[in-house]
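Listed in order, the protein sequences are those of chains A and B. Quick note: the first sequence uses the working numbering, first residue 0, plus one each step. Quick note: the second sequence uses the working numbering, first residue 74, plus one each step. These notes concern the structure reproduced below.
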Amino acid sequence: MDHAVGGTSHLSTKLVVNGHPQELRHDVRVTLLDALRDHLGVTSVKKGCDHGQCGACTVLVDGRRVVSCLSLTASLDGAEVVTAEGLGTPDELSDLQQAFVDRDGLQCGYCTPGQVCSAQAMLAEVAAGMPSHVTEPGALTDPDTAVELTDEEIRERMSGNLCRCGAYVNIVAAIRDTAARRAGTGAQP
Amino acid sequence: MRPFTYERATSVADALRRTAGASREGERTAYLAGGTNLIDHLRLGIRETDRLIDVSHLDLTEVTELEEGGLRIGALARNADVAAHPLVRRTFPVVSAAMLAGASGQLRNMATMGGNLLQRTRCVYFQDLSTPCNKRDPGSGCSAIEGLGTYNALIGTSDSCVAVHPSDLCVALAALDVTVVVEGPLGERRIDFADLHRLPGDRPERDTTLERSELITAIEIAGPGFARRSRYRKLRERASYAFATVSVAAALEVRDGQVADVRIGLGGVSHKPHRALRAEEVLRGGPATHEAYAAAIAVEMEQARPGPDNGYKVTQLRRAVPAVLSALTEETA
């Protein structure tokens, strides 16, 4: 960071992307989405609407899902970023990625990296007891109530990720399978 | 995006100092918090700035208890964290519910409380640079008055603007006793929530009463304790991830079959989050029945001035308000 006193139009930002430390020099207007794709060559992250409406650019920043198209790289110095490549590789898919394959949770695949990142973080939110819009009023006011991950809950919590092919039914199934398998094995969400 | 410079504020005072310095130079500034609205607007050209002052790293994220059951929420607390916070869920469930009804999981992780209050209308003409809009380009005219009126306001409109405030959170806050704490060049200022947002009048470009350099630092919600029984209901064109056509935030206290106290906030009806004071007044001390609730919202709707496309909002409110109050009544019984 080299802008302690006045403003700057270019700066250097350090990120840890999928476990690898990176430093990039960039125009301050560059979003995290463009930094990942155009500066660092991380092309699993997709540009859909570029307005925060479709979720195709979803990544994890310090463990939380965000839309990278509305995240300014300049503000993220020191952040840890995880994309679909960071969850698993073609030779070694994560359980969630494998479930998307097993359940045909995609057709064209353009939204899939965002779906997978979003689902990964969503399952962690559920494990942390975070409520949703479809959580019953009685459970909302009782923070000790565990979230039961019904299909309705999955659909509501994943509504920020659009799929123009309409693979939603199978996406829900893939997430349901993953949640059940992780619960069965006691694996971390 | 038009070029701007970026700088990171190290404290509230530092942010204000930077803004004052820019102002002396004739430069425009914008504060960056969650960025979910601002970054989009900078890219679209709805907003331009010379200097972007990043306040998102300031330490204003705490949720703390006030006396008599109130809560103070830091302006930079993220929507997702506040909605899930045990104190907020137990004390003011309507606040959690309203935030959970808004946006998506990703956006709630980013958006801040202060930014939520300052988000701008989703009027389609405001966001379409090819059409006139008095809010975006003062004096250019209002495209929504004669155009697509489906989402237009019902109450408090003017010849200049018929846009509605888009926030869910603000509808809940309108129903509660809320103070917005801001810091400016002259120090701290405390604003009643009802006085933060304004009706459009002939200055629709101004959404709020904040001065240019002022920075929201906290939101304080005081009792009443009866807000522990409160709900939010949002009507929209799809089940999730859409702005409201209308929404209702309500808190109710019933004693011996009578309405001891009631609060009603309405969304999607006005340029500012609307508190249904007329309906509340009709209800206090009267019977806690569905019929009384229906009569009260009918009184509130007497001031509505729907156009050809948005009369359905009156119908929605006349159904939704009694439904929410009846649900709260059953909860009490």
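Ideal placement from N, C-alpha and C gives every residue a C-beta, glycine not left out.
Beta-bridge partners of residue i, as assigned by DSSP
| i | result |
| --- | --- |
| A/Ser11 | A/Arg24 |
| A/Ile153 | According to DSSP, which records beta bridges pairwise, A/Ile153 is partnered with nothing at all. |
| A/Thr57 | A/Val66 |
| B/Pro360 | B/Gln331 |
| A/Leu71 | A/Thr30 |
| B/Ile146 | B/Val136 and B/Ile292 |
| B/Thr185 | B/Arg151 |
| B/Ala317 | Bridge partners of B/Ala317: none, in fact. |
| A/Cys48 | Looking at the DSSP assignment, A/Cys48 forms no beta bridge with any residue, so it has no partner. |
| B/Leu125 | B/Tyr79 and B/Ala103 |
| B/Ala324 | B/Ser303 and B/Arg336 |
| B/Phe343 | The amino acid at residue 343 of chain B is misidentified as Phe; the sequence shows Ser. Per DSSP, B/Ile228. |
| A/His19 | A/Val16 |
| B/Leu308 | B/Val319 |
| B/Thr252 | B/Asp265 and B/Glu293 |
From the options, residue whose alpha carbon lies closest to that of residue i
| i | options | result |
| --- | --- | --- |
| B/Asp123 | A/Asp49, A/Gly5 and A/Gly51 | A/Gly5 |
| B/Pro277 | B/Arg306, B/Ser286, B/Val321 and B/Cys215 | B/Cys215 |
| B/Thr252 | B/Arg81, B/Leu242, B/Ala267 and B/Ala236 | B/Ala267 |
| B/Tyr385 | B/Ala333, B/Leu350, B/Glu138 and B/Arg309 | B/Arg309 |
| B/Pro166 | A/Thr12, A/Thr140 and A/Leu23 | A/Thr140 |
| B/Thr83 | B/Thr92, B/Gln376 and B/Leu246 | B/Thr92 |
| A/Ser74 | A/Leu148, A/Thr177, A/Leu31 and A/His19 | A/Leu31 |
| B/Leu133 | B/Glu284, B/Val254, B/Pro360 and B/Leu339 | B/Val254 |
| B/Ile294 | B/Ala377, B/Ala312, B/Asp265 and B/Arg304 | B/Asp265 |
| A/Leu148 | A/Leu59, A/Thr177, A/Ala166 and A/Gly51 | A/Thr177 |
| B/Ala174 | B/Cys243, B/Thr362, B/Thr290 and B/His270 | B/Cys243 |
| A/Pro89 | A/Gln119, A/Pro112 and A/Cys48 | A/Pro112 |
| A/Leu35 | A/Gly104, A/Val60, A/Asp101 and A/Arg181 | A/Val60 |
| A/Gln106 | A/Ala172, A/Asp26, A/Ser43 and A/Tyr167 | A/Tyr167 |
| B/His270 | B/Ser343, B/Leu149 and B/Arg101 | B/Ser343 |
| B/Ser320 | B/Ile289, B/Val332, B/Ala368 and B/Val387 | B/Val387 |
| B/Ser96 | B/Gly118, B/Arg285 and B/Tyr79 | B/Arg285 |
| A/Leu23 | A/His38, A/Asn17 and A/Gln52 | A/His38 |
| A/Asp101 | A/Val171, A/Val65 and A/Cys48 | A/Val171 |
| B/Ala323 | B/Ile337, B/Val332, B/Asp329 and B/Ala317 | B/Ile337 |
| A/Thr42 | A/Arg28, A/Thr57 and A/Ala123 | A/Thr57 |
| B/Gly230 | B/Ala393, B/His114, B/Ala217 and B/Glu140 | The displayed chain sequence assigns Thr, not Gly, to residue 230 of chain B. Per the Cα distances, B/Ala217. |
| B/Leu111 | B/Asp87, B/Met74, B/Arg263 and B/Ala312 | B/Met74 |
| B/Ala300 | B/Asp275, B/Val235, B/Tyr314 and B/Leu398 | B/Leu398 |
| B/Glu353 | B/Asp334, B/Lys208, B/Leu105 and B/Asp241 | B/Asp334 |
| A/Gly18 | A/Ala55, A/Thr82 and A/Arg64 | A/Thr82 |
| B/Leu390 | B/Arg328, B/Glu403 and B/His347 | B/His347 |
| A/Lys46 | A/Leu92, A/Gly77 and A/Cys68 | A/Cys68 |
| A/Gly87 | A/Gln119, A/Arg154, A/Pro130 and A/Arg180 | A/Gln119 |
| A/Pro254 | B/Ser169, B/Phe199 and B/Gly187 | Residue 254 of chain A is absent from the model: chain A starts at 0 and stops at 188. |
| B/Glu141 | B/Pro297, B/Ala103, B/Leu272 and B/Glu375 | B/Pro297 |
| B/Thr405 | B/Ala361, B/Val372, B/Met374 and B/Glu375 | B/Ala361 |
| B/Pro273 | B/Asn207, B/Thr109 and B/Val197 | B/Asn207 |
| A/Gln52 | B/Leu144, B/Val85 and B/Ala176 | B/Ala176 |
Anticipated Cβ contact below 8 Å, residue i with residue j, distance rounded
| i | j | result |
| --- | --- | --- |
| A/Pro192 | B/Arg163 | Residue 192 of chain A lies beyond the stretch modelled for chain A, which goes from 0 to 188, so this question has no answer here. |
| B/Glu287 | B/Glu256 | 7 Å |
| B/Arg302 | B/Leu325 | 6 Å |
| B/Ala377 | B/Ile228 | 6 Å |
| B/His130 | B/Arg90 | Not confirmed; about 16 Å, so no contact. |
| B/Ala153 | B/Asn189 | Between B/Asn189 and B/Ala153 the Cβ distance is about 12 Å, and since that is not below 8 Å, they are no contact. |
| A/Gly54 | A/Gly159 | 5 Å |
| B/Leu105 | B/Asp127 | 5 Å |
| B/Glu373 | B/Ala349 | 5 Å |
Residue-chain proximity (residue i, chain C), Cβ-Cβ < 8 Å
| i | result |
| --- | --- |
| A/Thr184 | Given the protein chain composition of this structure (A and B), no chain C is represented. |
beta-carbon residue i near the ligand FMN non-hydrogen atom, thresh 7 Å
| i | result |
| --- | --- |
| B/Ile126 | Because no ligand of any kind appears in the structure shown, any question about the ligand FMN cannot be addressed here. |
By the 9 Å beta-carbon criterion, what residues does the segment 115–144 of chain B contribute toward chain A? Leu115, Arg116, Leu117, Asp123, Arg124, Leu125, Ile126, Asp127, Ser129 and His130
Would you list, in chain order, the members of the segment 100–130 of chain A that have their beta-carbon closer than 8 Å to a beta-carbon of chain B? Ser117, Ala120, Met121, Glu124, Ala127, Gly128, Met129 and Pro130
Please list, in chain order, the residues of the segment 269–301 of chain B that have any C-beta partner in chain A closer than 9 Å. Arg301
Contact residues within the segment 163–191 of chain B, judged by C-beta distance below 7 Å to chain A: Arg163, Pro166, Ser169, Ala170, Leu173, Ala174, Ser177, Gly178, Gln179, Leu180, Asn182 and Met183
Going along the segment 308–320 of chain B in order, which residues come within less than 8 Å of chain A, judged by CB to CB distance? Ala312, Ser313 and Tyr314
Mind listing which residues of the segment 143–155 of chain A have their C-beta closer than 9 Å to chain B's C-betas, in chain order? Asp143, Arg154 and Glu155
Closer than 9 Å, Cβ to any Cβ of chain B: which residues of the segment 63–81 of chain A, in chain order? Arg63, Arg64, Val65, Val66, Cys68, Leu69, Ser70, Leu71, Ala73, Ser74 and Asp76
Give, in chain order, every residue of the segment 8–38 of chain A whose Cβ lies closer than 8 Å to some Cβ of chain B. Ser8, Leu10, Val27, Arg28 and Thr30
At 4 residues or longer, and completely inside the segment 74–104 of chain A: list those alpha helix (DSSP H) runs for me, N to C. 83–86 and 94–101
Identify each residue in the segment 166–180 of chain A for which the Cβ-Cβ distance to at least one residue of chain B is less than 7 Å, and report them in chain order. none
Against chain B: residues of the segment 84–100 of chain A by CB proximity under 7 Å: none
Any residues in the segment 46–57 of chain A with a beta carbon nearer than 7 Å to a beta carbon of chain B? Which ones, in chain order? His50, Gly51, Gly54 and Thr57
Considering only residues of the segment 177–229 of chain B, which uninterrupted alpha helix (DSSP H) runs meet the minimum length of 4 residues and lie entirely inside it, listed in chain order? 178–183, 186–191 and 216–219
Which residues, in chain order, does the segment 85–115 of chain B contribute to contact with chain A at a C-beta distance below 7 Å? Leu105, Gly108, Thr109, Ile112 and Asp113
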